Amino acid sequence: MANINKIVETYRGRGLSKAEKGDYAGAIDDFTQVLRLDPSDAAIYYNRGLCYLFTFQFDRAIDDFDESLRQFPVYAVAIQNQSIARANLGDFDGAMQDYDELSVITRLQAEAHFNRGIARGEQRNYDAAIQDFNEALRIQPKMVEAVLSRGSAHLGKGMPDKALADFSEAIQIDPSSQTYYVRAITRMDIGDIEGAIDDFTQSLQHNPDFPGAYYSRGVAWGDYGETDKALADLNEFVQREPEDPFGYYTRGMIRADLFDIQGALADFSESIRLEARFPPIYNERGTLYMEVGRPDLALGDFTQAIELDPDSEEGFFNRGLAHLDMDNLPAAIADFTTVIEKSPTAEIYLQRSFTYARLEDWENAIADVNRAIALEPQLAGAYHARGLLRMDREEYQAAIEDFSKTIALDIENVDAYNERAFAYFQLDDMQKAIQ
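In the working numbering, the protein residues as written are 11 to 445.
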């Protein structure tokens, strides 16, 4: 028996050491050997469960936490009885050691519920996760991690009000940079931008060296329309995290909003240097290249975005616009057609119609406008476009009907009035043309 105990302690110590160093697979092997020799070791089930959790083996983690929670109460009763016996025998030091061990067991019980809740949350079993977090809090009412995780589970269930209540409770327990930050992110998600900014500011007051709070508050200021403040926060973030590509990307977006095109281009280029496989950066930089009259450079960026994400409707649409700007009309039609195959909308049908019209392919141009109208019967621009096509084909009466429909939907469309007047003029109806 002594030899077995020595083997168990060897595996136990080695497993704990491996787990502490991040060698979770090795720790699992050692803990498994312990449990093969001593299947009643609740703490080892708990520690192996943690290793399974850290290696994303959620089913196995839950099984181990289940077993540890079955065994902890039995172990706790034994320790408690032993403590009473020692006290009755006058061994008060031994009794105090037992109480200390009992305190550790109680803490481990709470942590086992907490970690099982984490594993269940990863499996999107949010109700069971919430039950575990509640049980952890019953044992340890001030366990802020359990309150925060319960809030995350409520978010997973689509219950942001309950999540906010949890995050507010966490702040009451521990008003820290982390707790304010977590509540701020949720406020951002539900559109409470002012509240989010307040919480990010509180987070930074508790920890002025928290780069993520500068970044997130910068995004919030941007959403709030305070672009100068957004830029200041993002400058701070980039200074603190110069190797983070998304800091440059987001600052580039703000600079573009401020019409600092060259600054935005520089940020997007730096973001691409740091992270070359993020399609949205190429789309954003390509769009700016279009604005500065460089569709050739834009074409390369949009093509790269498509290569990285072949399902990107935005990439094909943008590249179609670049082809259009360079008079590569068949290529533009091919890209617009790809977008239509993925997601047919009135906008893309109108864009392809315009391209067909430039090729003087009137039949396809009219067909696409008709498709746009079928999708959005109240879209004034579609009737306007069809009216112009009918004017080109000298179908003046039909064009008048389309311009009249355009005006009915958009009474301030001056061009439609002028074009309808010209159509009346072509029909020699001077009175209506003058009107």
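All C-beta atoms, glycine included, are put in the ideal place defined by N, C-alpha and C.
Just so we're clear, the structure is a prediction, and the values are computed from it rather than from any experiment.
Inset, instruction - For THR42, count neighbouring C-beta atoms within 10 Å of its own C-beta (all shown protein chains included) and say buried if the count is 16 or more, exposed if not. - result: exposed
Legend entry - Reduced DSSP secondary structure (H/G/I, E/B, other) of GLN133: coil
Legend entry - N- and C-terminal bounds of the alpha helix (DSSP H) containing VAL154: Per DSSP, the unbroken alpha helix (DSSP H) holding VAL154 starts and ends at 154 to 166.
Inset, instruction - Please confirm whether ASP319 and PRO354 have their CB atoms less than 8 Å apart. - result: no
Inset, instruction - Answer yes if the region 225 to 244 comes into contact with the region 170 to 190, meaning at least three C-beta pairs across the two stretches below 8 Å, and no otherwise. - result: no
Inset, instruction - With a 10 Å radius around its C-beta and 16 neighbouring C-beta atoms as the bar for buried, classify ILE350 as buried or exposed. - result: Buried: at least 16 other Cβ atoms inside 10 Å.
Legend entry - Cutoff 8 Å; reference ASP209; Cβ partners in own chain excluding five residues on either side: TYR190, TYR191, ARG193, ALA194 and ARG197
Inset, instruction - Kindly indicate which three-state DSSP category TYR406 falls into: helix, strand or coil? - result: helix
Inset, instruction - Please classify ASP142: does DSSP put it in a helix, a strand, or coil? - result: helix
Inset, instruction - From the DSSP output, in three-state form, read off GLN150 for me. - result: coil
Legend entry - Reduced DSSP secondary structure (H/G/I, E/B, other) of SER353: Here DSSP, grouped into helix, strand and coil, assigns SER353 to coil.
Legend entry - Within 8 Å, strictly: CB atoms of ALA156 and ALA146: yes
Inset, instruction - Look up GLY23 in the DSSP assignment and say whether it is helix, strand or coil. - result: helix
Inset, instruction - Could you check if SER178 is buried or exposed, using at least 16 other CB atoms within 10 Å of its CB as the buried criterion? - result: exposed
Inset, instruction - Could you have a look at MET169 and say whether DSSP puts it in helix, strand or coil? - result: The answer is coil: DSSP assigns MET169 none of H, G, I, E or B.
Inset, instruction - Enumerate, from N- to C-terminal direction, the unbroken beta strand (DSSP E) stretches of 3 or more residues contained entirely within the region 178 to 235. - result: none
Inset, instruction - Given a cut-off of 8 Å, decide if THR347 and GLU362 are closer than it, judged by their beta-carbon atoms. - result: The amino acid at residue 362 is misidentified as Glu; the sequence shows Arg. It is a contact, given that the beta carbons lie within the stated cut-off.
Legend entry - Expected contact under 8 Å - CB spacing of ARG8 and ASP142 to nearest Å: The structure shown does not extend to residue 8, since the chain spans only 11 to 445, so no value can be given for it.
Legend entry - Close Cβ partners of MET10 (< 8 Å) along its chain, the five nearest in sequence each way excluded: Outside the displayed span of the chain (11 to 445) sits residue 10, for which this structure offers no information.
Inset, instruction - Note down the Cα distance separating ILE316 from LYS415, rounded to an integer number of angstroms. - result: 38 Å
Inset, instruction - Taking 8 Å as the cut-off, decide whether the C-beta atoms of ALA375 and LEU339 are in contact. - result: no
Legend entry - Rounded separation between LEU118 and ALA53 - CA only: 8 Å
Legend entry - CB of ALA122 within 8 Å of CB of TYR56, strictly: yes
Inset, instruction - Kindly list the residues whose CB is nearer than 7 Å to the CB of ASN328, restricted to its own chain and excluding five residues on each side of it in sequence; keep chain order. - result: ASN293, GLY296, THR297 and PHE312
Legend entry - Backbone CA spacing between ASP176 and LEU158 [nearest angstrom]: So the two alpha carbons sit approximately 6 Å from each other.
Inset, instruction - Report the rounded CA-to-CA distance for TYR434 versus LEU389, giving the unit in angstroms. - result: 23 Å
Legend entry - Neighbour-count burial assignment, ASP412, 16 or more Cβ in a 10 Å radius: buried
Inset, instruction - Please name the residue in ASP40, ASP33 and ILE183 whose C-alpha comes closest to that of GLY23. - result: ASP40
Inset, instruction - Tell me whether PHE435 sits in a helix, a strand or coil according to DSSP, three-state version. - result: helix
Legend entry - Cα-Cα separation, LYS31 to GLN249: Distance from the CA of LYS31 to the CA of GLN249, rounded to the nearest whole angstrom, comes to 32 Å.
Inset, instruction - State the DSSP-derived secondary structure class of LEU389, mapped to helix, strand or coil. - result: coil
Inset, instruction - May I ask you to check if the CB of ALA392 is nearer than 7 Å to at least one heavy atom of the ligand MG? - result: Although the ligand MG was asked about, the structure shown includes no ligands whatsoever.
Inset, instruction - Return helix, strand or coil for GLU253, following the three-state DSSP convention. - result: For GLU253, the three-state secondary structure derived from DSSP is coil.
Inset, instruction - Report yes if the CB atom of GLY131 is closer than 8 Å to the CB atom of ALA163, and no otherwise. - result: yes
Inset, instruction - Under 8 Å by Cβ, that's how I've got GLY59 and ASP48 pegged, so tell me the actual separation to the nearest angstrom. - result: Between the beta-carbon of GLY59 and that of ASP48 there is about 16 Å, and that puts the pair past the 8 Å contact cut.
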